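Chains as they are written, first to last, in numbering that gives the first Met the number 0: chain A, 0 to 348; chain B, 0 to 412; chain C, 0 to 288.
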Amino acid sequence: MNAVSALAARSWANLRNEVLVLPSRIAVLVWALALLLLPLVWGDAYVMRVITMAAIFAIFAASWDLLAGYSGQVSFGHAIFFGVGAYTSALLSKHFDLSPWLTMPIGAAAAVLCGMLVGLLCLRMRGSYLSLATMSFPLILLGLLFALPELSGGELGISGVRRAVVSPVSNYYLAVVVMLASVFGIWKIGDSKFGLILHAIREDEVACRASGINTPRYKVLAFLLSASFAGIAGALFAHFMRLAGPSTLELALSFQVVIWCVFGGMATVYGPVLAVFILYPLTDFLGGFDLFRDVRLLVFAVIVLLVLLFMPRGLGPWLRDRAERVCPRCKSRNVFTRKQCRLCEAELR
Amino acid sequence: MKRGSLKLLGGLLALAFASACAAQNIKIAILGPMAFLQGENHWAGAEMARDEINKAGGIQVGGAKRQVELVKIDTNEILSVPDATNAIERAITRDKADVLIGGFRSEAVLAMQEVAMDNKKLFLGVGAAHSKLGVNVKENFERYKYWFRVAPTKDTDLARTVFAVLNTISEQMRRDLGKPEPKVAIVAEKAVWVEALLKAAQDTLPKMKMSVVGVWQPSATANDVTAELSAIKRAGADIVFTIVSGPMGIVLGRQMGELQLPAVAFGINVEAQKDGFWAATASKGNYVSTLDTYSEIEITPKTVPFVKAFKERFKRAPAYTAASYDAIMLYKDTVEKAGTIESDKLVPVIEKAAHTGTASVLTFDANHDPVFGPGKVTGIAVQWQNGEKVPFWPNNWNGVTYKGVRPIILPKL
Amino acid sequence: MFQDILVTGLVNGGIYALLAVGFSLIFGVARIVNIAHTAFYMLSAYAFYFLLVKVGMNFAVASLLAVVLVVAVSMLCYKLVIEPVREHHAAVLIATIALGLIFQESLLIGFGGHYIGIPGAIDGFAAIAGVRVSYQRLIILVVAAVALSGTWLLLHHSRFGLAIRAAANDLEIANLMGMNVKRIAMFTVGVSVGLAAIAGVVVAPVYVVDPLMWQTPLVIMLAIVVLGGLGSIQGSLVGAFIISYVEAITVFAVPSGAYLKGAVALSIMVAVLLWKPEGLFGVVFEEER
């Protein structure tokens with residue numbers, strides 16, 4: 000009993016001293032809680048579906064951020080991992096009648112394999128070459144899938160994939176919980192020593208190598224990790240939509256994820272997630288109005304451009320910079336209303 | 000006390016809602032890619048049906064007449080499949096549509112079918128040809144029974160029509176051009192709906208005394224087929240058998256005309272069914288022929304008046320997705336017969352229906368696909384002749400000749 | 000069959016070269032990966048269609064005006080959208096993707112999703128070595144040759160060309176030497192998009208014009224410039240012909256695999272990159288630090 004209360008006291012102290020002191024952390028907490036509680040107050044099937052999709056794409060966007068934002072390997076063909084995850088789990092579910100709880104991890108594993116392959120192929124390339132070469136991978140795979148229609152279902156894809164859970168609300172919870180766990184995981188990775196090394200590689204690869212870091216290994220690892228999360232997203236997508244089709248490999252999806260991340264703010268993890276949760280429901284919602292139906296993609300593109308021009312680091316960091324101030328001495332963050340740093344008491348200007 | 004009054008309020012609201020429903024409009028969701036021609040025709044056909052029904056007072060449901068209200072749902076399916084499923088979910092749960100009509104791209108319709116069946120909503124397909132949609136019904140009837148395909152006929156029946164027309168063309172070639180065994184080059188886009196047709200063609204054509212000189216499979220969106228055409232010319236083909244739904248159909252027609260390939264193109268060429276084909280080929284698509292749905296010929300007594308009224312109103316000819324008109328009329332008949340709009344009670348009535356539509360006489364088989372055959376659904380074949388889309392088939396096929404058909408012209412090049 | 004491959008590859012290579020060289024030019028000078036490059040090509044095709052068919056101008060005026068209009072639009076876009084974010088490599092990519100999407104959607108709203116056919120300047124065809132080639136395609140070949148040699152002359156025999164090459168060689172040093180790098184970049188955008196616009200005007204009559212027409216050549220064009228080496232003009236030229244011949248050979252060797260021509264072209268590009276990561280004629284940039 001004592002242990003329990005001590006734990007409770009410690010978590011509360013943690014919560015009060017670490018989370019509730021910063022607006023950004025409060026926002027993340029409120030957002031996560033709101034997502035978990037939403038179905039209890041507003042169980043509308045359409046809302047459930049849109050947020051489920053947003054959650055799936057949020058995993059996908061965050062996974063790209065891990066690769067491109069942190070390690071600077073700006074992949075333009077990230078859809079390949081999404082597609083491999085989706086197709087693998089759909090095929091296994093269809094042909095071997097495996098349980099979705101098995102096919103989804105296997106789908107992610109397949110994506111990891113694919114990530115390793117792509118990572119190894121891309122080791123020697125950098126910058127725009129890497130971007131453009133990666134762009135071609137999903138398109139080549141798409142060509143292969145069309146060449147094997149018995150296996151892949153060609154342009155129809157694999158339909159009638161079994162759902163992991165049936166009702167809209169349980170699907171919602173599945174996607175949201177996996178999303179929260181994945182995004183938290185990606186954030187943790189980004190925050191770790193590993194993430195630091197990725198940052199360093201992005202900033203100056205030569206210096207990294209000179210400091211004795213095995214950069215190729217880290218670059219391939221970045222591909223692997225990123226691919227695994229993208230694969231999870233793809234597998235979730237296939238089982239939720241009950242379909243894995245060519246649209247999971249199309250150029251549009253690869254571009255879409257880049258747009259989300261840059262819009263939200265690269266190398267932040269929270270930025271891309273924020274972007275997906277704003278842009279995806281927004282564009283879908285606009286489609287419901289006669290007035291906006293035809294212009295919603297246009298509105299989307301214009302918003303992206305404006306954000307790019309006026310918040311070059313993305314929406315997430317921009318908002319955060321408004322709400323918080325960095326202490327000039329100890330570099331820790333403070334809420335913007337404070338006059339003194341909460342840790343070192345230096346004056347904030 | 001508080002909880003009690005809440006309950007009371009809820010009850011009252013429910014009652015008010017129920018009574019409002021009785022006099023409420025019947026909501027029909029029209030699903031289609033509204034920025035594209037298919038969606039425009041979905042919508043146009045539906046508008047014609049709505050105005051006609053509402054002018055006559057509405058649909059008789061039990062004791063009351065109810066007006067029809069259309070809900071325009073842009074599925075954006077040509078660009079995005081997830082968009083399509085979100086759109087249909089919105090139509091069902093937000094707009095509270097009573098019935099769903101439309102769909103076009105098979106990949107998207109398969110995904111939309113799932114959402115509709117999850118919600119046990121009647122979904123009348125107008126646009127997607129893939130047989131899988133119907134096979135679903137047979138394999139899992141209880142789940143998929145709410146799906147019916149109104150148009151077009153499923154892909155395997157399309158094949159039967161195509162071969163019947165090919166037979167007519169090759170006979171004419173033997174007679175007029177003195178070619179005992181016409182050579183056929185098959186140009187099929189790389190797609191799954193093509194596979195069955197392609198295989199059947201390779202097996203069937205030799206039996207029909209035609210020789211297949213090769214199969215070319217460009218991508219559906221290829222914007223250049225000159226390489227393919229040079230090869231086809233070298234193979235000496237007399238007939239170019241097309242199985243194409245994408246814009247490649249335009250490119251093919253135009254480049255055949257430009258290079259004056261001495262062959263006639265026939266098959267399925269969705270782009271050539273459209274009014275805009277002649278302009279899109281810059282007047283080069285002469286002699287291109289294809290299967291089609293609508294023309295000013297007497298398929299049923301309703302066809303000519305419908306096509307004329309459509310042209311009058313929209314200043315263009317209807318494309319096959321305008322059969323949303325037939326879908327709504329079929330729905331009206333069914334509801335009036337069943338006296339309810341509950342999907343479960345409508346399904347058995349539609350299964351037994353024999354509805355004379357504008358494009359065909361609709362009856363349904365066990366897959367909920369329209370039954371193919373003379374006097375039921377046949378389709379027609381048309382040829383572009385100097386800017387005009389001329390119907391040339393069925394002309395004395397199993398005793399069927401639609402009034403208004405004219406002969407096909409074989410290019411003498 | 001041999002002469003078929005030879006002629007088809009040559010004609011298509013001309014079209015690809017026109018697109019790829021322009022793309023390469025602006026990358027070389029300003030390191031801008033302009034995803035909207037083919038969107039400008041599409042814009043010019045639509046402008047040409049509008050002026051020729053809807054307004055009823057004659058061929059020469061319509062094509063000239065279309066090219067001028069699109070070049071003006073591109074320079075405006077550069078000034079407003081690209082230049083402010085030029086420092087960020089990824090931001091430029093997104094900005095140009097967004098531009099492409101904006102053009103696509105605007106055209107979709109303005110003209111609808113219909114496929115549009117544009118009449119060619121001259122009807123008919125010529126037989127070259129027994130292979131029929133329409134006159135419009137020969138015009139493309141001639142225009143491509145003229146435009147590309149014009150670009151070459153401009154680059155190598157004018158002060159402006161010298162400035163472009165200097166900037167391409169080392170933007171910062173050029174800046175330090177007192178050159179107005181911003182203006183050079185903007186004019187290079189004009190020249191680069193001008194080539195795409197010329198392609199749009201001459202190619203539009205042989206292809207189908209629709210709001211998604213920029214996506215297919217985009218991928219092929221990127222494959223070509225990467226294959227040839229980003230920023231290298233001669234690399235783009237060679238790459239264009241390699242890819243067009245690879246496509247032609249695919250179609251003739253495996254007719255039922257014609258749809259694979261795009262995938263095969265991309266695979267060739269990846270193979271080349273594995274062998275030479277900087278492309279065939281690419282300059283090995285010093286590690287940018």
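Just so you know, even glycine gets a beta-carbon here, dropped at the ideal spot from N, CA and C. It should be emphasised that the depicted structure is a prediction, and the values quoted were computed from it without experimental measurement.
- Residues of the region 209-230 of chain B with a Cβ closer than 9 Å to any Cβ of chain C, in chain order: Gly213, Val214, Trp215, Gln216, Pro217, Ser218, Ala219, Thr220, Ala221, Asn222, Asp223, Val224, Thr225, Ala226, Glu227, Leu228, Ser229, Ala230.
- Residues of the same chain with a CB within less than 7 Å of the CB of alanine 264 of chain C, apart from the 5 flanking positions on each side, are Ile219, Ala222, Ile242, Val245, Glu246 in chain order.
- Exposure of phenylalanine 140 of chain B is indicated by the presence of fewer than 16 other C-beta atoms within 10 angstroms of its C-beta.
- Put simply, the CB of arginine 201 of chain A is far from chain C, with every gap to its CB atoms at 8 Å or more.
- Nearest in C-alpha terms to phenylalanine 299 of chain A, of all of A:Arg321, A:Ala274, A:Asp320, is A:Ala274.
- Distance between proline 83 of chain C and glycine 234 of chain C, taken at the CA atoms: about 30 Å.
- Rounded to whole angstroms, the separation of the alpha carbons of valine 111 of chain A and arginine 328 of chain A is 42 Å.
- Fewer than three beta-carbon pairs drawn from the region 215-223 of chain A and the region 87-98 of chain A are found closer than 8 Å, and the two stretches are therefore not classed as touching.
- Boundaries of the beta strand (DSSP E) harbouring asparagine 333 of chain A: 332-334, taken from the DSSP string.
- For phenylalanine 335 of chain A against glutamate 323 of chain A, the beta-carbon gap comes to about 6 Å, under 8 Å, which counts as contact.
- Taking C-beta separations shorter than 8 Å and ignoring five residues to either side along the sequence, glutamate 86 of chain C has no partners in its chain.
- Only residues of its own chain outside the window of five on either side were considered, and among them Ser191, Leu194, Ala195 have a CB closer than 6 Å to the CB of glycine 21 of chain C, listed in chain order.
- Not flagged as an interface residue toward chain C: glycine 82 of chain A, since no C-beta distance is shorter than 8 Å.
- The beta-carbon of alanine 60 of chain A is placed no less than 8 Å from the nearest beta-carbon of chain C.
- Excluding its 5 nearest sequence neighbours in each direction, alanine 257 of chain C has C-beta neighbours in its own chain below 8 Å: Thr249, Val250, listed in chain order.
- The way I'd put it, the region 150-164 of chain A does touch the region 95-109 of chain A; three or more beta-carbon pairs between them come closer than 8 Å.
- Look at threonine 152 of chain B here: in three-state DSSP terms it is coil, with no helix or strand label.
- Around valine 287 of chain B, the same chain offers Gly252, Ala264, Ala271, Trp383 as residues with beta carbons nearer than 6 Å, after the five sequence neighbours per side are excluded.
- Taking C-beta separations shorter than 7 Å and ignoring five residues to either side along the sequence, the partners of leucine 137 of chain C in its chain run Ala125, following chain order.
- Three or more beta-carbon pairs separated by less than 8 Å link the region 121-131 of chain B to the region 91-107 of chain B, which places the two stretches in contact.
- Counted as a single uninterrupted DSSP element, the beta strand (DSSP E) harbouring threonine 289 of chain B occupies residues 288-291.
- At a cut-off of 8 Å between C-beta atoms, lysine 54 of chain B does not count as an interface residue with respect to chain A.
- Going by C-alpha positions, valine 168 of chain A is about 21 Å away from alanine 85 of chain A.
- In this structure lysine 331 of chain B is buried. Its beta-carbon is surrounded by 16 or more other beta-carbon atoms within 10 angstroms.
- At least one CB of chain A lies nearer than 8 Å to the CB of serine 79 of chain B.
- Of C:Leu170, C:Ile117, C:Ala61, C:Ala35, the smallest CA-CA separation from alanine 29 of chain C is found for C:Leu170.
- Taking a C-beta cut-off of 9 Å against chain C, the contacting residues of the region 261-288 of chain B are Glu270, Lys273, Gly275, Phe276, Trp277, Ala278, Ala279, Thr280, Ala281, Ser282, Lys283, Gly284, listed in chain order.
- For secondary structure counted as the alpha helix (DSSP H) over 4 or more consecutive residues, the region 79-156 of chain C holds these complete runs in sequence order: 88-110, 134-155.
- When DSSP states are grouped into helix, strand and coil, aspartate 368 of chain B belongs to the coil group.
- Contacts with chain A at 8 Å (Cβ-Cβ) include isoleucine 101 of chain C.
- Contact annotation, cysteine 113 of chain A with alanine 226 of chain A: C-beta distance approximately 6 Å; criterion of less than 8 Å satisfied.
- Taking a Cβ-Cβ cut-off of 8 Å, phenylalanine 140 of chain B has no neighbours in chain C, whose nearest Cβ is about 36 Å from it.
- Setting aside the 5 residues that flank it on each side, proline 280 of chain A is surrounded in the same chain by Val49, Ile50, Ala53, each with a C-beta closer than 8 Å to its C-beta; the list follows chain order.
- Shown here, threonine 355 of chain B sits in a strand according to DSSP, grouped into three states.
- Excluding five sequence positions before and after histidine 88 of chain C, none of the CB atoms of its chain fall closer than 6 Å to its own CB.
- Here phenylalanine 26 of chain C has Val32, Asn33, Val224, Leu229, Gly230 as same chain residues with Cβ atoms under 8 Å from its own Cβ, once five neighbours each way along the sequence are excluded.
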